[in-house]
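Visitor: Numbering (the working numbering), first residue to last: 3 to 233.
Next up, the structure:
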């Protein structure tokens, strides 16, 4: 399961859009590679890597002994405030502790792009942006299927690839997964949960988060529509 909840899904989204719009051999090969890499995340759509008691204990002790985030990297020592924020993010999203650390570190790196937002507020945006990118990538794949209702101007190789991949998703219960997610992801409930954990900022931040959650639901609903139209 991918521990980085933002940049890999952003790359997948970009590749899926490039595949649908450019339809080049290079874009087909890149998308095939990324689909192979992110197959687990697509099969377990929007399911977070689970919290882990051992990882949590290591995070709590990282102010003194450090924490290894990625293999082949030296342990990182974190201040207590960072540790506390990472635990809040982990609890807020029911997210693996190492994934929460990675998300908060990415939020810190991205703060220059979000003036006046703390790293925690940026992390909340990135979390939902990652989910939006994953859901949107799935929508594009299904839209590009070989189907009964419409056919996009995509090479036979590309069409065969996405049809085969999405058929496998269907056979693994993707329709039921999407329906379940649409029942579970409620915009107001998600906003209230974030507000209770101080995960929302000013009115601009609140609108950005709300828009992202709404887009996730829209992508899921449209994916169901495309599955129905192309199957």
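Cβ atoms here follow ideal geometry from the backbone N, Cα and C, with glycine treated the same way.
Keep in mind that this is a model prediction, so the values were computed, not measured.
1) For residue 69, does the three-state DSSP call read helix, strand or coil?
2) Skipping 5 residues on each side, what residues in its chain have a beta carbon closer than 7 angstroms to that of residue 25?
3) Measure the alpha-carbon distance for residue 172 versus residue 66 and round it to whole angstroms.
4) Which whole-angstrom value is the C-beta distance of residue 187 and residue 219, which I expect to be below 8 angstroms?
5) What does the Cβ neighbour count give for residue 211, buried or exposed, with the cut at 16 atoms within 10 Å?
6) Using CA coordinates, which residue listed in 103, 52, 38 and 23 is at the minimum distance from residue 61?
7) Using 8 angstroms as the threshold, is the C-beta distance between residue 175 and residue 119 below it?
8) Since residue 36 and residue 13 are thought to touch, with beta carbons under 8 angstroms apart, how far apart are those beta carbons, to the nearest angstrom?
9) Are there 16 or more other CB atoms within 10 angstroms of the CB of residue 2, so buried, or fewer, so exposed?
10) Starting from residue 130, follow the alpha helix (DSSP H) in both directions and report where the run begins and ends.
11) Output the residue ranges of the alpha helix (DSSP H) runs that lie fully inside the segment 5–62 and measure 4 residues or longer, sorted by chain position.
12) Going by DSSP, what residue range makes up the alpha helix (DSSP H) through residue 204?
13) Given a cut-off of 8 angstroms, decide if residue 129 and residue 7 are closer than it, judged by their beta-carbon atoms.
14) Measure the CB-CB distance between residue 51 and residue 88 and report whether it falls below 8 angstroms.
15) Are the CB atoms of residue 127 and residue 225 nearer to each other than 8 angstroms?
16) How big is the Cα-Cα spacing for residue 215 and residue 49?
17) Would you say residue 229 and residue 136 are within 8 angstroms of each other, going by their C-beta atoms?
18) Going by DSSP, name the residue or residues bridged to residue 78.
19) What residue from 192, 58, 16 and 142 has the CA that sits closest to residue 222's CA?
20) Return the CA-CA distance between residue 39 and residue 46, expressed in angstroms with no decimal places.
21) Since residue 132 and residue 122 should fall inside the 8 angstroms C-beta cutoff, what is the C-beta to C-beta distance between them, to a whole number of angstroms?
22) Below 8 angstroms on the Cβ atoms is my contact criterion, and I expect residue 79 with residue 92 to pass it. Report the Cβ-Cβ distance as a whole number of Å.
Guide: Inspection of the coordinates gives the following:
1) Three-state DSSP puts residue 69 in a strand.
2) Excluding positions up to five away in sequence, the list reads 155, 156, 157 and 160.
3) C-alpha separation (whole angstroms): 47 angstroms.
4) Residue 187 to residue 219, Cβ: 6 angstroms. Contact.
5) It counts as buried.
6) Among 103, 52, 38 and 23, the Cα nearest to that of residue 61 belongs to 103.
7) No, the pair does not count as a contact, with Cβ atoms beyond the cut-off.
8) Residue 36 to residue 13, Cβ: 7 angstroms. Contact.
9) Residue 2 is absent from the structure shown; the chain starts at 3 and stops at 233.
10) It spans 121–145 - the alpha helix (DSSP H) in which residue 130 sits, taken as one unbroken run.
11) Here the runs fully enclosed are 9–24, 27–39, 41–45 and 55–62.
12) DSSP places residue 204 outside any alpha helix (DSSP H), giving it a letter other than H or E.
13) Here residue 7 is near residue 129, since their CB atoms are less than 8 angstroms apart.
14) When the beta-carbon positions are compared, residue 51 and residue 88 stay at least 8 angstroms from each other.
15) Cβ atoms of residue 127 and residue 225: not closer than 8 angstroms.
16) Residue 215 and residue 49: Cα-Cα distance of roughly 15 angstroms.
17) No, they are not a contact pair.
18) Partner(s): 69.
19) Relative to residue 222, the option among 192, 58, 16 and 142 whose CA is nearest is 142.
20) Approximately 13 angstroms between the Cα atoms of the pair.
21) Between residue 132 and residue 122, the beta carbon gap of about 16 angstroms keeps them out of contact (Cβ cut-off 8 angstroms).
22) No, residue 79 and residue 92 are not in contact; Cβ-Cβ is about 19 angstroms, not under 8 angstroms.
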